[in-house]
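**Q** Residue 1 is where the sequence shown starts when you use full-length UniProt numbering, and the numbers rise one by one after that. Note that beta-carbon positions come from the ideal geometry of N, C-alpha and C, so glycine has one too. Because the structure is a prediction, the values reported are computed rather than measured.
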Amino acid sequence: MSALTERIKSTLNDMRLQMRADRDTVKDQGAFSDEEKQVVCKSCGKKFSKVEWRNHYYACPNCGKLRSIGGYYRLSLIFDEGTFREFDQDLTVTDPLHFSGYGAKAAETEKKTGLKEAVISGDGLIDGIHTVAVVLDSRFFMGSMSHTVGEKVTRAIERATREHLPLIIFSASGGARMQEGIYSLMQMAKTSAAIAEFSASGGLYISYLTHPTTGGVTASFASLGDITLAEEGALIGFAGPRVIRQTLGVELPAGFQRAEYLEKHGFVDRIVPRKDMKQTLADILKLHVDSMENASRRVVS
1 MSALTERIKS
11 TLNDMRLQMR
21 ADRDTVKDQG
31 AFSDEEKQVV
41 CKSCGKKFSK
51 VEWRNHYYAC
61 PNCGKLRSIG
71 GYYRLSLIFD
81 EGTFREFDQD
91 LTVTDPLHFS
101 GYGAKAAETE
111 KKTGLKEAVI
121 SGDGLIDGIH
131 TVAVVLDSRF
141 FMGSMSHTVG
151 EKVTRAIERA
161 TREHLPLIIF
171 SASGGARMQE
181 GIYSLMQMAK
191 TSAAIAEFSA
201 SGGLYISYLT
211 HPTTGGVTAS
221 FASLGDITLA
231 EEGALIGFAG
241 PRVIRQTLGV
251 ELPAGFQRAE
261 YLEKHGFVDR
271 IVPRKDMKQT
281 LADILKLHVD
291 SMENASRRVV
301 S
C-alpha cells in the first residue's frame, strides 16, 4: 500500500472517529447544543460554556466533577489520530426471549444515541503502540451486558489474544440486561473465560473503571485486569448501597463503593484524572512492550 493511500486511509479513519466523537458530546451533553449557553455544574453550581467544558475533558473547571462522556469521544481521547479501526459494527441487539417492548426500546435508544449496542470495540495506536480497546457506553441501556455486548467483548479479547496485543476495557455498566435473562448472565462466564485465555498467553489487560461499574460487569471481566485504573468518583460495586443496606440492616462506610475508597483498600491500582488518561495508558503500555522485548532478548541469548 502506497504512502499516499495510507495517509488517505488514516485521514478518513480520523474523520469518522471525530464525527462520532462530536456527535457523542452533543447527544450526551444535550444542554451544550448552543455554543453560548452557560451550563451549570451539578456539584459546585458554577457555570461554564461548552468550550470550557470540552477544554477540560468534561471535568468541571472549578471543582473537577466529571460529566459522563460517550464511547467514541473517549476513544478519540486515547488513540493517535487516524489509527482507530472499529470491530464488529454490524452486531446489534438481539431479543432471544421476545421480551415485551424490548425491541421497540432498543430501536428508540439507537435513534437517540446513534449506537447499535452498549459497546464499541476496535484497535489502533496509543503513542505508537498497537492496542485493542473496548468501551461500554452507559447511554445505551445503562451499558448493561447483553448477549451482543458479551459477544463483542469476547471477540475483541480473542483478537487481542491471537495478535498478541495489549487490551484495554473501559467499563461503565448497570450490570446484566434483565430483558435477556440467562443469555445475559452467561456472558459473565464467557467473557471471563476469554480473559483467562488471554492472560495465559501473556497478554497485558488494563481494566479501566468509569462511572458507574456495577453488577455482572463488575463480577466478571471488569475485576480481572492485570492493572486496574479508575476515574475519580466512579461508583464501583456489585449491588447498590441501598440494596446492601436493606439486606444487611447496617449502616455502610461513607463512600465505600467509590473509586477513592477502593484505591485506598487495594482494589484499584490508581485513580487517573481524565486529562491524564492517554499519557497514563501510554506509559503502562511502554513498560509492557519494553518488558516483552527484554524477555525475548533473554530467551535468544
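Alpha carbon to alpha carbon, what distance is there between N55 and D137?
**A** Answer to the nearest angstrom: the Cα atoms are 21 Å apart.
**Q** Give me the DSSP bridge partner(s) of T228.
**A** BP columns for T228 point to S207.
**Q** Inspect the CB distances between the stretch 52 to 72 and the stretch 272 to 280 and report whether three or more fall short of 8 Å.
**A** Short answer: they touch.
**Q** Assign I195 to one of three DSSP states: helix, strand, or coil.
**A** Helix at I195.
**Q** How many Å lie between D28 and E293 at the Cα?
**A** Here the model assigns D28 a pLDDT of 49, short of 50, so the residue's position is not dependable, and the following value carries that caveat. Using only the alpha carbons, I get a separation of about 41 Å.
**Q** Which stretch, first to last residue, makes up the beta strand (DSSP E) that contains L136?
**A** Unbroken beta strand (DSSP E) run through L136: I129 to L136.
**Q** Please state whether DSSP places A200 in a helix, a strand or coil.
**A** Reduced to three states, the DSSP call for A200 is helix.
**Q** Whose CA, out of D123, S49 and T94, lies closest to the CA of T148?
**A** Checked all of D123, S49 and T94; the closest Cα to T148 is T94.
**Q** For F79 versus A156, is the C-beta spacing smaller than 8 Å?
**A** Contact flag unset, no.
**Q** In the DSSP assignment, the alpha helix (DSSP H) including G215 goes from what residue to what residue?
**A** Start and end: G215 to T218.
**Q** Using CA atoms only, rank isn't needed, just tell me which of S201, V153, F141 and P212 is closest to H172.
**A** In the sequence under discussion, the amino acid at residue 172 is Ala, which differs from the His named in the question. When each option's Cα is compared against that of A172, the closest is P212.
**Q** Could you tell me whether the stretch 158 to 165 touches the stretch 180 to 200, where touching means 3 or more Cβ pairs closer than 8 Å?
**A** The stretch 158 to 165 is in contact with the stretch 180 to 200.
**Q** For S291, count neighbouring C-beta atoms within 10 Å of its own C-beta (all shown protein chains included) and say buried if the count is 16 or more, exposed if not.
**A** Answer is exposed; the Cβ neighbour count stays below 16.
**Q** Report buried or exposed for K190, applying the criterion of at least 16 other Cβ atoms within 10 angstroms of its Cβ.
**A** Buried, since its Cβ has 16 or more Cβ neighbours within 10 Å.
**Q** Within a Cβ cutoff of 7 Å, which residues of the same chain sit near F84, ignoring the five residues on either side of it in sequence?
**A** Only N13, L17, L75, G122 and G124 meet the Cβ criterion.
**Q** Can you tell me whether K47 is helix, strand or coil according to DSSP?
**A** Correct three-state label for K47: strand.
**Q** Which ranges would you report for the beta strand (DSSP E) in the stretch 72 to 105 if only whole runs of at least 3 residues count?
**A** Counting whole runs of 3 or more residues, the stretch 72 to 105 contains no beta strand (DSSP E) stretch at all.
**Q** Using three-state DSSP, classify P212 as helix, strand or coil.
**A** P212 falls in the strand class under three-state DSSP.
**Q** Is the stretch 213 to 223 touching the stretch 234 to 246 in the sense that three or more CB pairs, one from each, lie closer than 8 Å?
**A** Judged by Cβ distances under 8 Å, the stretch 234 to 246 makes contact with the stretch 213 to 223, as three or more pairs qualify.
**Q** Whole angstroms are fine: how far does the CA of R245 sit from the CA of S68?
**A** When rounded, the distance between both Cα atoms is 27 Å.
**Q** On a Cα-Cα basis, can you pick out the residue from V250, D226 and E81 that is closest to A200?
**A** Closest by alpha carbon: D226.
**Q** Quick one: what does DSSP say I271 is sitting in, helix, strand or coil?
**A** Three-state DSSP puts I271 in a strand.
**Q** F238 by DSSP, collapsed to three states: which one?
**A** The answer is coil: DSSP assigns F238 none of H, G, I, E or B.
**Q** From what residue to what residue does the beta strand (DSSP E) around L125 run?
**A** Run containing L125: V119 to I126, per the beta strand (DSSP E) assignment.
**Q** Taking the C-alpha atoms as reference points, what is the distance between F198 and Q279?
**A** Straight-line Cα distance between these residues: approximately 24 Å.
**Q** Once you ignore the five residues that flank G71 on each side, which residues in its own chain have a CB closer than 6 Å to its CB?
**A** Cβ neighbours of G71 beyond the five flanking positions: I120, V135 and D137.
**Q** Bridge partners of R258, per DSSP?
**A** Note: R258 sits in a beta bridge opposite L235.
**Q** Starting from the Cα of A259, find the closest Cα among L229, P96, K105 and R139 and give me that residue.
**A** The shortest Cα separation from A259 among L229, P96, K105 and R139 belongs to L229.
**Q** Quick check on F141: buried or exposed, where buried means 16 or more other Cβ atoms within 10 Å of its Cβ?
**A** F141 is buried by the Cβ-count criterion.
**Q** Let me make sure I understand the geometry here. Which of Q187, T154 and Q179 has the alpha-carbon closest to that of A133?
**A** The residue with the shortest Cα to Cα distance from A133 is T154.
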